[in-house]
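Quick notes on the structure that follows.
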Amino acid sequence: MTAREHHFLPALAALPLSQRANGLMPQPVESVINSWLNLNISAQQRLLQNQQENLQAWGAWLQRIPQIARANTMSKLAEQEMNVLMSAGQLASQQLVDLISLQENLQVNYSYWFSLHHPAAGLMSKK
1335 MTAREHHFLP ALAALPLSQR ANGLMPQPVE SVINSWLNLN ISAQQRLLQN
1385 QQENLQAWGA WLQRIPQIAR ANTMSKLAEQ EMNVLMSAGQ LASQQLVDLI
1435 SLQENLQVNY SYWFSLHHPA AGLMSKK
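So for the sequence shown, my numbering puts the first residue at 1335; every next one is plus one.
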């Protein structure tokens, strides 16, 4: 065996492995990659939309703060301060719920994508 032939042995040994790996992908690799990229782009767009909505909501919340200075009695001041604080808590709570809902939705989408593009996933669910 020459040195050149010896150099190609690892590649030749890996050939059956690559043929088996290709069998795992029922679709052309380009199609799988494109669908994966589209899924990631969609996820990123939804996250950016969520962030923009959050920024707008906090901007509206910040505009309520100057109204506190208009209170003419201590009771009105306390009431307005509490209203602003409670609305901040509600806003933070809603944003957390929205983020968790998005995470759950993405988890379902990625699981579905995996089940479509990996035949072993169907075998695992049948067991």
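Every residue, glycine too, gets a C-beta built ideally from N, C-alpha and C.
DSSP three-state assignment for A1405, whether helix, strand or coil:
coil
Do N1384 and L1433 count as a contact pair if the criterion is CB distance below 8 Å?
yes
Whether Q1428 touches Q1414 by CB criterion (8 Å)
no
Determine the direct distance from the alpha carbon of S1421 to that of R1380, and round the result to whole angstroms.
25 Å
Start and end residues, alpha helix (DSSP H) containing I1367
1363-1398
Run through DSSP, which three-state label would H1451 get?
helix
Check whether the Cβ atoms of L1425 and W1395 lie closer than 8 Å to each other.
yes
Can you give me the Cβ contacts of I1399 inside the same chain, cut-off strictly under 7 Å, excluding the 5 residues immediately before and after it?
V1418
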